[in-house]
Amino acid sequence: MANIQSHVEVYSKALNLRAQRHQLLASNIANADTPNYKARDFDFSAAMQNALAGRAASGAMPLARTAGGHLSGEGMTGSAHLQYRKETQSAVDGNTVDMDVERAQIADNAIQYQILTQLIGDKFKGLRSAMAGTQG
36 MANIQSHVEV YSKALNLRAQ RHQLLASNIA NADTPNYKAR DFDFSAAMQN ALAGRAASGA
96 MPLARTAGGH LSGEGMTGSA HLQYRKETQS AVDGNTVDMD VERAQIADNA IQYQILTQLI
156 GDKFKGLRSA MAGTQG
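Just so you know, we're using the working numbering here: the sequence shown kicks off at 36 and counts up by one.
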């Protein structure tokens with residue numbers, strides 16, 4: 036059972052990071068015409084390693100506890116360290132969003148997300164099949 040739990044946990048963390056990255060890339064696209072907007076992204080593999088090791092992203096800010104009943108927030112792990120994307124083209128208004136790069140990254144991220152959902156579905160399909168085989 037621990038093996039199943041570890042597989043599901045890994046897939047869950049990967050899906051959460053893919054969803055977070057998708058939101059970030061969508062934000063870049065939404066701000067393509069915003070003056071001085073700097074495109075952001077994160078290294079998925081580094082964020083996944085942090086998530087699997089139970090570490091928060093480097094440079095993450097701890098939550099302030101202003102009352103004894105507040106949660107510490109130490110359980111929050113795996114959030115990605117955001118970085119500015121390297122500028123590929125100069126813009127007069129200071130915006131660093133390159134729509135071609137953003138579209139390619141969001142398409143790749145969507146495919147990776149779809150692959151993860153397929154893997155999870157296949158894992159549960161196999162579990163259902165194994166359980167159905169033992170009940171007969």
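The beta-carbon is built from N, C-alpha and C at its ideal position, and this holds for glycine as well.
- Cβ contact annotation for Y148 (same chain, cutoff 6 Å, sequence separation greater than five): R53, in chain order.
- DSSP, read as helix, strand or coil, puts Y72 in coil.
- With a cutoff of 9 Å on beta-carbon distance, A86 and K48 are scored as near each other.
- Q124 sits in coil when the DSSP states are folded into three classes, being neither helix nor strand.
- For F79, the uninterrupted alpha helix (DSSP H) segment begins and ends at 79-88.
- For Q118, DSSP records a beta bridge to D76.
- Counting only the Cα atoms, G156 lies some 16 Å from N51.
- Contact annotation: A82 and H116 have beta-carbon atoms nearer than 9 Å.
- Between the C-alpha atoms of H105 and A99 there is a straight-line separation of about 9 Å.
- For the pair I150 and N71, the Cα-to-Cα distance works out to about 35 Å.
- Secondary structure of A61 (DSSP, three-state): helix.
- V136: member of the alpha helix (DSSP H) spanning 134-169, first to last residue.
- Within the model, the alpha-carbon separation for I39 versus V45 is close to 10 Å.
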